[in-house]
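Enquirer: Quick one: this structure, given as structure tokens, is what I'll be asking you about.
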Amino acid sequence: MKKLFLIIGAPGSGKTTDAQLIAQKNAEIIVHYSTGDLLREEVAKGSSEGKIIADIIAKGNLVPLEIVVNTIISAIKSAPRDNIIIDGYPRSIEQMQELDKKLNLQNDVKLAKVIEVEVSEQTARDRVLGRARGADDNVEVFNNRMRVYLEPLKEIQEFYGSQNLLHRINGERTIDEIVDEMNTFIISQI
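Numbers 1 to 190, taken from UniProt numbering, label the letters of the sequence shown in order.
Next up, the structure:
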């Protein structure tokens, strides 16, 4: 059975970097997918679905539920390892519920833990605007992305917390400290 670890956190919390480093350290047993990267791959294909995704991402809004869930489920099923880390998911109550529903309908994948990388809004803002990697790294889009992240957060925390699946990590420390703690935690769950 495959074990799924979800990593959530504000834009700029470091969740993608953390997940990448953990997957690199444990390449023989863990594979990492970033929801954003999976969606950007679809955009790069130039498909009609990719064009829809590109327009939505450029505004900092959420990609439609069906597209996101199908992209994630497809990645999990074709994953070359039994331990999968996906960061940036879920970003809405609907995404959470849909994944839960899909996972409950099968016996091949178990949600092991949801790890929340906690950072202040100021730290997130400083990191995102400081990196300015693309067109979506500006104040207006950051503010929208932060709002989109925060609106469903309490309900997502309560849902996974009630199932004893939520684990919080302080994301205000150095990358090494965060990755060491997260790596130790994930390995203890495998």
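No residue lacks a Cβ here, since even glycine has one placed at the ideal position from N, Cα and C.
Mind the definition here: the segment 111-131 touches the segment 23-31 only if three or more C-beta pairs lie below 8 Å; say whether that holds.
Expert: No, because fewer than three Cβ pairs between the segment 111-131 and the segment 23-31 fall closer than 8 Å, the two stretches do not touch.
Enquirer: Restricting to runs no shorter than 3 residues, where is the beta strand (DSSP E) found entirely within the segment 23-75?
Expert: Listed in chain order, they are 30-34.
Enquirer: Do you know how far the Cα of G88 is from the Cα of A79?
Expert: Rounded to whole angstroms, A79 to G88 spans 17 Å at the Cα level.
Enquirer: Provide the residue(s) that pair with V109 in DSSP beta bridges, ordered along the chain.
Expert: Paired residue(s): K2.
Enquirer: Measure how close the beta-carbons of I190 and K3 come, nearest whole angstrom, since I'm counting them as under 8 Å.
Expert: Going by Cβ atoms, the distance from I190 to K3 rounds to 6 Å, so yes, they are a contact pair.
Enquirer: Give the DSSP-derived three-state secondary structure of I190 in the structure shown.
Expert: Coil.
Enquirer: If you count every other CB in all the chains shown that lies within 10 Å of the CB of S48, and 16 or more means buried, which is it?
Expert: It counts as exposed.
Enquirer: Of the choices N164, Q95, T17, N107, whose alpha-carbon is the least far from that of E66?
Expert: Out of N164, Q95, T17, N107, Q95 has the C-alpha closest to the C-alpha of E66.
Enquirer: Measure from the alpha carbon of R173 to the alpha carbon of each residue in S13, V139, L6, then state which is nearest.
Expert: It is S13.
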